[in-house]
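Some notes on the structure that comes next.
In the numbering used here, the protein residues as written are 265 to 744.
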């Protein structure tokens with residue numbers, strides 16, 4: 265059911281887990297405003313469930329004193345209307361959540377029959393069950409593998425008033441048993457409500473929670489671990505939930521050589537949900553892709569726009585470095601751009617910077633297609649990083665601010681790197697960086713249920729993490 269996914273967003277992360285590390289790479293805060301939205305959407309699940317209660321037929325006798333016993337039977341009861349107008353989800357600090365419903369009412373239509381002495385009679389009745397109150401606690405937990413669980417820990421139901429209107433039969437006979445039947449109906453209804461509430465949580469919400477993935481696959485190389493890390497911190501204002509928030513290599517998982525910094529969200533509760541995203545998440549991505557050998561890019565002449573005067577061949581580079589054209593005349597060249605170490609993102613108040621080390625190995629492509637090494641450059645770069653959120657995905661963009669070039673090794677003799685500064689800057693800025701940004705546009709998915717959209721998004725940078733705040737809205741799908 266579609267609304268199940270909306271409610272599950274606000275409970276999915278408020279769950280217990282097995283601690284693997286001290287600090288999280290990802291923190292989610294669900295505010296009271298967020299819980300209220302989940303309640304508004306999710307209460308319809310419960311309303312639909314309770315409106316389908318199958319009320320059993322029942323019969324009995326009623327002692328009317330010296331007049332004897334009246335035998336009665338109530339059957340074919342159908343709920344014609346069920347409304348849950350007032351509901352509330354309450355945060356219980358250090359305990360959990362409580363769902364309270366008040367002012368609910370049910371309308372029921374059914375049939376009745378009685379037998380008294382030598383008189384038998386029957387007809388129909390309409391019952392208004394008024395002032396229904398329901399209270400249930402929600403226990404949030406984990407199945408041990410980081411997957412969420414939810415269960416109703418306790419439940420109580422009370423009916424304050426019932427109004428019965430009988431049709432057909434003799435008035436004097438009805439008056440003998442209407443109070444007794446109303447009392448029996450009240451007991452029946454009160455006994456049926458809580459089992460239905462518990463069943464709705466178990467059979468409708470719990471399967472949704474179990475279907476929510478705790479990993480998000482990015483590509484054929486890596487995925488993100490969003491498993492639950494420690495029990496949630498429940499306060500009067502919010503649920504703060506810690507997740508692992510770590511990239512890992514699909515083919516071979518190994519721990520990164522660094523740990524996340526402490527991540528504590530500021531006191532901000534104006535939006536429905538907040539995501540604290542540690543630089544640890546992004547730095548584990550760099551570690552994984554570098555370890556997997558994925559941070560290697562090859563640049564050839566056919567990748568350079570025709571209008572660029574400095575071609576990637578020995579003739580063009582020979583103008584700048586004569587030894588190249590003398591040793592390898594009229595040959596195409598190839599640049600192998602790689603990172604000798606994983607790039608490291610630094611998040612500070614107000615800015616995000618990346619300072620990757622880059623090696624550029626230049627080759628001449630020989631007539632037999634083999635490669636002859638020419639020179640090896642080492643680049644120290646400063647890159648400004650920007651992030652945004654699009655359709656529930658964190659996307660990035662890099663802007664190059666500085667390149668420092670050093671000659672690490674030369675197979676064509678010594679030369680000044682200043683003479684190829686323009687060409688190297690152009691290749692990095694116009695060839696490599698757009699390729700990287702194209703990958704970053706695909707983004708990192710936030711741990712959201714399907715069809716959940718963010719709105720009123722705000723983003724702030726803090727020491728070692730950025731804070732993403734948003735309201736949420738469930739998008740209905742045609743056919744659901």
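Positions of the beta carbon are idealized from the N, C-alpha and C atoms, including for glycine.
Distance, residue j Cα to residue i Cα
i: residue 377; j: residue 385; result: 6 Å
i: residue 411; j: residue 306; result: 21 Å
i: residue 340; j: residue 354; result: 38 Å
i: residue 470; j: residue 402; result: 11 Å
i: residue 733; j: residue 389; result: 53 Å
i: residue 639; j: residue 648; result: 28 Å
i: residue 420; j: residue 302; result: 22 Å
i: residue 360; j: residue 343; result: 33 Å
i: residue 501; j: residue 400; result: 20 Å
i: residue 370; j: residue 516; result: 57 Å
i: residue 670; j: residue 656; result: 41 Å
i: residue 488; j: residue 553; result: 12 Å
i: residue 651; j: residue 726; result: 13 Å
i: residue 490; j: residue 700; result: 24 Å
i: residue 624; j: residue 641; result: 5 Å
i: residue 417; j: residue 382; result: 51 Å
i: residue 296; j: residue 484; result: 38 Å
i: residue 474; j: residue 705; result: 30 Å
i: residue 285; j: residue 584; result: Bear in mind that a pLDDT of 45 at residue 285, under 50, signals an unreliable position, so the number given afterwards is only what the model happens to contain. If you take the alpha carbons of residue 285 and residue 584, they lie about 53 Å apart.
i: residue 654; j: residue 513; result: 25 Å
i: residue 510; j: residue 621; result: 22 Å
i: residue 570; j: residue 662; result: 25 Å
i: residue 728; j: residue 309; result: 40 Å
Test item: CB-CB of residue i and residue j under 9 Å
i: residue 676; j: residue 643; result: no
i: residue 448; j: residue 324; result: yes
i: residue 423; j: residue 314; result: no
i: residue 294; j: residue 505; result: yes
i: residue 425; j: residue 393; result: yes
i: residue 507; j: residue 289; result: yes
i: residue 461; j: residue 398; result: yes
i: residue 630; j: residue 664; result: no
i: residue 311; j: residue 347; result: yes
i: residue 345; j: residue 365; result: no
i: residue 322; j: residue 452; result: yes
i: residue 606; j: residue 550; result: yes
i: residue 611; j: residue 522; result: no
i: residue 396; j: residue 465; result: no
i: residue 576; j: residue 691; result: yes
i: residue 352; j: residue 391; result: no
i: residue 735; j: residue 712; result: no
i: residue 379; j: residue 336; result: yes
Three-way DSSP call (helix, strand, coil) for residue i in this model
i: residue 702; result: helix
i: residue 575; result: coil
i: residue 588; result: helix
i: residue 393; result: strand
i: residue 362; result: strand
i: residue 608; result: coil
i: residue 450; result: helix
i: residue 318; result: coil
i: residue 382; result: coil
i: residue 300; result: helix
i: residue 377; result: strand
i: residue 339; result: strand
i: residue 689; result: helix
i: residue 728; result: coil
i: residue 416; result: strand
i: residue 260; result: A question about residue 260 goes unanswered here, because the residues of the chain that appear run from 265 up to 744.
i: residue 409; result: coil
i: residue 822; result: Since the displayed the chain opens at 265 and closes at 744, residue 822 lies outside it and no answer follows.
i: residue 712; result: coil
i: residue 707; result: coil
i: residue 594; result: coil
i: residue 285; result: With a pLDDT of 45 at residue 285, under the threshold of 50, the modelled position of that residue is not reliable, and no figure is offered here.
i: residue 482; result: coil
i: residue 332; result: coil
Item to check | Meets three-Cβ-pair contact criterion under 8 Å: the region 579 to 591 and the region 602 to 615 | outcome: no
Next on the checklist: Can you confirm whether the region 599 to 609 touches the region 556 to 569 when touching is taken to mean that 3 or more C-beta pairs between the two stretches lie within less than 8 Å?
Outcome noted: yes
Next on the checklist: So, does the region 545 to 555 touch the region 530 to 537, judging by three or more C-beta pairs under 8 Å?
Outcome noted: no
Checklist entry - Whole alpha helix (DSSP H) runs in the region 624 to 684 with 4 or more residues, listed along the chain? => result none
Checklist entry - Going along the chain, which unbroken runs of the alpha helix (DSSP H) with 4 or more residues stay wholly within the region 496 to 578? => result 543 to 555
Checklist entry - Is the region 584 to 592 close to the region 665 to 676, with three or more CB pairs under 8 Å? => result yes
Checklist entry - Do the region 523 to 533 and the region 564 to 574 meet, that is, are 3 or more Cβ pairs less than 8 Å apart? => result no
Checklist entry - Taking contact to mean at least 3 C-beta pairs separated by less than 8 Å, is the region 489 to 498 in contact with the region 356 to 371? => result yes
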